[in-house]
Amino acid sequence: MLVQTYFSAQKIGKKIESTEFCGILTQTDQNYISRYKTVKRRDTTMFVRDLARRLLQTNTGIQSKDWEFEIEEGGNRSAVSIFGHKLHISFSHSPNWGAVAVSSFPIGIDIEETKSGRNWKKMFEFMEPSEDRTKPSTEMEFLRHWTEHEANLKFRSASDSNILFHHYEVQHDTTLCVATSHLDNVAPKRIHLP
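Going by this note's numbering, the sequence shown opens with residue 5, and the numbers climb by one from there.
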């Protein structure tokens with residue numbers, strides 16, 4: 005099984021109620037999802053896990069139902085097949101988007117969209133300082149920094165290797181960052197726009 009790096013982002017909308025939703029919900033999923041109090045958060049988590057299973061099936065040939073997700077010590081997430089295959093996986097969501105990255109290598113992904121009332125200037129002040137960071141002048145510039153910061157944290161849960169960031173504008177108000185340790189062709193794969 006050769007997997008390098010694949011990722012998918014999809015508008016959430018009504019997808020949970022659609023025929024596209026494969027509806028696989030394992031006991032591990034149920035235990036994980038049950039910790040969330042709101043229906044919206046549980047649905048979003050279920051959607052992202054479903055998106056992950058579809059991405060895994062498409063790129064490995066292993067059926068969606070044959071994958072489980074594990075959280076290892078240190079926070080690294082893995083997708084493990086019933087056949088013993090293990091891949092790095094990273095999940096992200098914003099109110100209207102879900103995103104997943106799957107790789108043979110450590111990976112991190114984050115997706116975020118603009119929100120009215122967000123005090124992004126204040127949020128920027130609390131991010132870890134970096135020499136190459138310039139203060140953003142727009143919320144979208146801030147989101148580029150924010151998604152990089154979040155993707156970095158997810159990547160670092162699996163590796164302390166040198167890191168590369170790949171940025172994508174998904175929509176005019178939504179940005180995505182994938183953090184990897186390699187120069188693999190991390191081109192946009194399966195970004196589903198509404």
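Positions of the beta carbon are idealized from the N, C-alpha and C atoms, including for glycine.
For residue i, which beta-bridge partners are listed by DSSP?
i	result
residue 81	75
residue 88	Beta-bridge pairing links residue 88 to no other residue.
residue 96	103
Assuming residue i and residue j are in contact, meaning their beta carbons sit under 8 angstroms apart, how far apart are those beta carbons, in whole angstroms?
i	j	result
residue 151	residue 115	7 angstroms
residue 12	residue 104	6 angstroms
residue 69	residue 28	5 angstroms
residue 86	residue 106	About 17 angstroms; that fails the 8 angstroms criterion.
residue 97	residue 64	Actually they are not in contact, since the Cβ atoms of residue 97 and residue 64 sit about 23 angstroms apart, beyond 8 angstroms.
I'd like the span of the alpha helix (DSSP H) that includes residue i, first residue to last.
i	result
residue 34	31-37
residue 149	143-160
residue 175	Unbroken run through residue 175 is the beta strand (DSSP E), 168-175; no alpha helix (DSSP H).
residue 48	43-64
residue 126	124-129
Could you tell me if residue i is buried or exposed, where buried requires 16 or more neighbouring beta carbons within 10 angstroms of its beta carbon?
i	result
residue 71	buried
residue 158	buried
residue 50	buried
residue 75	exposed
residue 16	buried
residue 34	exposed
residue 14	buried
residue 77	exposed
residue 130	exposed
residue 143	buried
residue 99	exposed
residue 43	exposed
residue 138	exposed
residue 38	exposed
residue 45	exposed
Would you check whether the ligand HEM has a heavy atom nearer than 7 angstroms to the C-beta of residue i?
i	result
residue 70	For the ligand HEM, the structure offers nothing, since it holds no ligand at all.
Over the uninterrupted beta strand (DSSP E) stretch that includes residue i, give me the two end residues.
i	result
residue 11	9-15
residue 114	112-117
residue 2	This structure gives no information on residue 2, because the portion of the chain shown stretches from 5 to 198.
residue 179	178-184
Whose CA, out of the options, lies closest to the CA of residue i?
i	options	result
residue 9	117, 97 and 170	170
residue 81	67, 175, 108 and 99	108
residue 140	123, 154 and 156	123
residue 183	73, 121, 113 and 173	113
residue 31	52, 73, 149 and 56	73
residue 117	162, 154, 56 and 175	175
residue 101	119, 79, 39 and 36	119
residue 167	42, 154 and 64	154
residue 84	95, 36 and 66	66
residue 161	46, 57 and 95	95
residue 179	149, 156 and 41	149
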